[in-house]
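1421 is the number of the first residue of the sequence shown in our numbering; add one for each residue after it. Every residue gets a Cβ at the ideal spot worked out from N, C-alpha and C, and that includes glycine.
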Amino acid sequence: MISCALYTVMTFTEPLPPVVVTRPADKASELISSVAELGFEVRHHPLIDIRRFEDDDSAASRACRQKILDIDHYDAVIAISQNAAEAGFSWMDAYWPQMPVGLRWYAVGPTTAAVYREYGVDMEMPVDRYDSEGVLALPSLQQVEGEKILIWRGVGGREALASVLRDRGARVDYAELYERRQIEWAEADWDKTLQGAPVLLLSSGQALDIAQQQIPDIATRVSTIIVPSERVATYARQHGCTDVVVAASARNEDTLHSLRARFAAGR
1421 MISCALYTVM
1431 TFTEPLPPVV
1441 VTRPADKASE
1451 LISSVAELGF
1461 EVRHHPLIDI
1471 RRFEDDDSAA
1481 SRACRQKILD
1491 IDHYDAVIAI
1501 SQNAAEAGFS
1511 WMDAYWPQMP
1521 VGLRWYAVGP
1531 TTAAVYREYG
1541 VDMEMPVDRY
1551 DSEGVLALPS
1561 LQQVEGEKIL
1571 IWRGVGGREA
1581 LASVLRDRGA
1591 RVDYAELYER
1601 RQIEWAEADW
1611 DKTLQGAPVL
1621 LLSSGQALDI
1631 AQQQIPDIAT
1641 RVSTIIVPSE
1651 RVATYARQHG
1661 CTDVVVAASA
1671 RNEDTLHSLR
1681 ARFAAGR
């Protein structure tokens, strides 16, 4: 069982609600430190473990490898998350000493775009809506009839992006580069995490699903939920959450800005 980690650095005199960070451990440390520096008690309660497929002889790995080897057959590649971009470029490093020419690259948002920049790859990304709908609104993806488009993602996930692109006449394939594994928490762990009606930081609708599967009344046990997109916010409201704050993106700075603004507004 993963233990719930607590971090506290008090810098304000007013009582603040605890904040629950639900990101995987390898993506949480910077956010945890930054939230604690604002004066909040931070509870790390990861809901999903991300496991990349290794370059071995498993069926999943063979499928990944073939999509990467054939990437020069495509017109465009879309990474739907930071995890997808990191996993995809790890495979590219192994099989493409130089990036193939003629490809158009797309990132769903700033955190994904940052991975592209690390690899020196130019890409397009939405201006102000960092989700599939934002990508679909890009001018260069309006006329795609006859094009081949590869989507980097994890196993499963939303079909909206591929569905709309296919409706526009594109042939769309997936490279499923990792899988998400739900982390099971005991009720006692949840009780400890949810003490004091905390603020819950969620990165996806799937994270909310996992939380509600384990604690069906979680919407009534948290004070505020902060999410990275309007789509996830709508989903949260549909599942009983009332005080939902939408950050500009999943970036740490946008999450922190929303947290500060929400606290200031409630003073």
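Report the rounded CA-to-CA distance for serine 1623 versus alanine 1496, giving the unit in angstroms.
The C-alpha of alanine 1496 is placed about 26 Å away from the C-alpha of serine 1623.
Taking C-alpha atoms, which residue in Glu1567, Arg1600, Ala1445 lies nearest to glycine 1589?
Glu1567
So, isoleucine 1452 versus valine 1440, is the Cβ gap smaller than 8 Å?
Taking a C-beta distance under 8 Å as the contact criterion, isoleucine 1452 and valine 1440 do not qualify as a contact pair.
Spatial distance of arginine 1601 from alanine 1667 (CA atoms):
25 Å
Taking tryptophan 1511 and isoleucine 1488 to be in contact with their CB atoms under 8 Å, please state how far apart those CB atoms are, rounded to whole angstroms.
4 Å
Taking buried to mean at least 16 other C-beta atoms within 10 Å of its own C-beta, is serine 1478 buried or exposed?
By the 10 Å Cβ count, serine 1478 comes out exposed.
Identify whether alanine 1670 lies in helix, strand or coil by the three-state DSSP scheme.
coil
Quick one: Cα of aspartate 1593 to Cα of valine 1642, how far?
39 Å
I need the straight-line Cα distance from arginine 1671 to arginine 1578, nearest angstrom please.
Distance between the alpha carbons of arginine 1671 and arginine 1578 is about 21 Å.
Please list the terminal residues of the continuous beta strand (DSSP E) segment that includes tryptophan 1572.
1568–1574
Where threonine 1662 falls: helix, strand or coil (DSSP)
coil
Under 6 Å Cβ to Cβ from valine 1455, same chain only, skipping five residues before and after it: list those, please.
Val1439, Val1462
For cysteine 1661 and isoleucine 1645, which I take to be in contact (beta-carbon distance under 8 Å), what is that distance rounded to the nearest angstrom?
About 5 Å; that satisfies the 8 Å criterion.
Measuring CA to CA, which of Gly1574, Gly1540, Gln1632, Ile1603 is closest to glutamine 1658?
Gln1632
What are the uninterrupted segments assigned as beta strand (DSSP E) that are 3 or more residues long and contained completely in the region 1506–1561, given in chain order?
1524–1527
Since alanine 1504 and leucine 1597 are thought to touch, with beta carbons under 8 Å apart, how far apart are those beta carbons, to the nearest angstrom?
Correct: roughly 6 Å between the Cβ atoms.
What do you get for serine 1669, buried or exposed, if any count of 16 or more other CB atoms within 10 angstroms of its CB means buried?
That one is buried.
Mapping DSSP to helix, strand and coil, what is phenylalanine 1432?
Confidence in phenylalanine 1432 is poor, its pLDDT being 43 and thus under 50, which makes the residue's placement too unreliable to answer from.
For serine 1560 and isoleucine 1470, the rounded distance between their alpha carbons
31 Å
Just verifying my parser: in three-state terms, what is the DSSP assignment at valine 1440?
strand
Beta-carbon spacing of methionine 1545, glycine 1529 below 8 Å:
yes
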